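Asks: Residues 1 to 145 in the UniProt record's numbering are what the sequence shown lists, from first letter to last. Even for Gly, the Cβ is constructed at its ideal location relative to N, Cα and C. If you're wondering where the values come from, they're calculated on a predicted model, not measured in any experiment. Before anything else, here's the structure in question.
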Amino acid sequence: MEGIKELFVRTFWGLTRSHSVSQDKFGSTSQGNFFGRVLGSQTPNTSIIYTTPYLAAKSDLNTSSVFAYKRIFGNQRPVAVLGYEMDMESFVTDQLVKNTQCLTNGPECDISCDRSGKNSHEGLYCYLLDENGFVVAGNEEKFRW
């Protein structure tokens, strides 16, 4: 996937490993309190949690990052968090604008964030919110750069 800046894993016991795609970047994803919040979240176990740092969301240049976190479970308990950091423009293009592919042998679905050719009452409106609930990006033209 284009736009990936860093891949990381952090265990419940504090072991952290990260791989930065950029040679001039030091691993920053292990900083902050997001790991505790992700491990303790009440979302379904299969959920992927996306977040964007609050200060980056206020950037005039709109070059902030989006972090994706996936909890890994062992014996029904969270044992680690896997994730990646991606630049916001790539995230919006890949997750909020492009079609969601459905299984070819499954039922028809319209869970796409693609609003091409749809009126204001059809399809989904998809937004990326910062931790305070402000819209950072979305699949509507006015929320893209």
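Of the residues VAL79, GLU2, TYR84, which one's Cα is nearest the Cα of LEU15?
Replies: Here residue 15 refers to the residue found at position 15 of the sequence shown. Considering only alpha carbons, the answer is VAL79.
Asks: Tell me the DSSP secondary structure of SER64 in three-state form.
Replies: Taking the sequence shown and counting its residues from 1, the one referred to as residue 64 is at position 64. Three-state result, SER64: coil.
Asks: What does the alpha-carbon distance come out to for the pair GLU6 and LEU82?
Replies: Here residue 6 corresponds to residue number 6 of the sequence shown, with the count starting at 1. Here residue 82 corresponds to residue number 82 of the sequence shown, with the count starting at 1. Those two C-alpha atoms are separated by around 11 Å.
Asks: Using CA coordinates, which residue listed in PRO44, GLN42, PHE8 is at the minimum distance from HIS19?
Replies: Stepping through the sequence shown from its first residue, residue 19 is reached at position 19. For the residues PRO44, GLN42, PHE8, the minimum Cα distance to HIS19 belongs to PHE8.
Asks: Classify ALA137 as helix, strand or coil using the three-state DSSP reduction.
Replies: Translated into the one-based positions of the sequence shown, residue 137 becomes position 137. Reduced to three states, the DSSP call for ALA137 is strand.
Asks: Which residue wins for smallest C-alpha separation from PHE12, given the options ALA68, ASN45, SER65, ILE72?
Replies: Working through the sequence shown from its first residue, we reach residue 12 at position 12. The shortest Cα separation from PHE12 among ALA68, ASN45, SER65, ILE72 belongs to ILE72.
Asks: So, for VAL66: in the same chain, excluding its five sequence neighbours on each side, which residues have a beta-carbon less than 8 Å away from its beta-carbon?
Replies: Start at 1 with the first residue of the sequence shown, and residue 66 comes out as number 66. Around VAL66: TYR50, THR51, THR52, GLU85, MET86, ASP87, MET88, PHE91, LEU128.
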